[in-house]
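Single-structure report; data block below.
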Amino acid sequence: MLRHALRLLLALALCLAAQSSRADVYRWVDELGVTHYTTDPETIPRRHRDSAHAIVARPSRRPGPRISNAPSRAATPLPSAPEPASPEPAARATPPAPSGPPVFPGPPLAPALAPGDPRAAELADLEARIATDRETLRQLISTKRWDSAELASDPGVREIAERLPRLQAELEALRAETVP
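180 is the number that this note's numbering gives the last residue of the sequence shown; the numbers go up by one with no jumps.
Printed below as a string of structure tokens:
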């Protein structure tokens, strides 16, 4: 009887020890509105420690996966797809692999203007400025370590974001004037 009671006490002590050793998860939101999670409260910046709070983890109410004690079946091979009638259509259906960096689709090229037309130089200048802005944005976005908050707060990106729609509207208006 004493042995049974000791085993029960030992099991109870182990269960209580397991409960107290659970990892607490802390959550806080920074100035940019980004939510952060950590298990180590020392990694929380000092200015956010007051607003950080521990998340209480509750066990899931959904039942876990059912485990069967039945012996496993040998894997049966799946039927293969029928061979194509001729390899030619499949070869034509595959598009060529893209080469080089992605290209932003731009507006169509300006119509040909008479030599010496002052609008030709203005069209070329607008197209060049738009292409430069697009390339700058493409390079900023495609960098390996870009942060959306940092990108949005970059004054150069803001300037391009304000300028590009205006330049495109000017270009479309100028093209509308030049089309016969």
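Using N, Cα and C, we set each Cβ at its ideal position, and we do this for glycine too.
Isoleucine 160: first and last residue of the uninterrupted alpha helix (DSSP H) it sits in: If you number the sequence shown from 1, residue 160 lands on position 160. Run containing isoleucine 160: 155 to 178, per the alpha helix (DSSP H) assignment.
Extent of the continuous alpha helix (DSSP H) run through threonine 136: Position 136 of the sequence shown holds residue 136. Residues 118 to 142.
Own chain, CB closer than 6 Å to leucine 164, minus 5 neighbours either side, in chain order: What you label residue 164 is simply residue 164 of the sequence shown in a count that begins at 1. For leucine 164, where only same-chain residues beyond five positions count, the Cβ hits under 6 Å are Asp133.
Cα-Cα separation, glutamate 150 to threonine 43: In the sequence shown, the residue the question calls residue 150 occupies position 150. In the sequence shown, the residue the question calls residue 43 occupies position 43. Roughly 21 Å between the two C-alpha positions.
Alanine 54, DSSP secondary structure in three states: Translated into positions along the sequence shown, residue 54 becomes position 54. Looking at alanine 54 - three-state DSSP - the assignment turns out to be strand.
Host beta strand (DSSP E) of valine 34 (start-end): Position 34 of the sequence shown, counted from the start, is the residue given in the question as residue 34. Valine 34 -> no beta strand (DSSP E), and no H or E assigned at all.
Leucine 123 vs leucine 174 beta-carbon contact at 8 Å: As a working mapping, residue 123 is identified with position 123 in the sequence shown. As a working mapping, residue 174 is identified with position 174 in the sequence shown. Contact flag set, yes.
Glutamine 168 versus tryptophan 28: straight-line alpha-carbon distance, rounded: Your numbering for residue 168 matches position 168 in the sequence shown. Your numbering for residue 28 matches position 28 in the sequence shown. One C-alpha to the other measures close to 42 Å.
Those residues which DSSP pairs with arginine 27 across a bridge: Counting from one through the sequence shown, the residue named residue 27 turns up at place 27. Its beta-bridge partners are Tyr37, His53.
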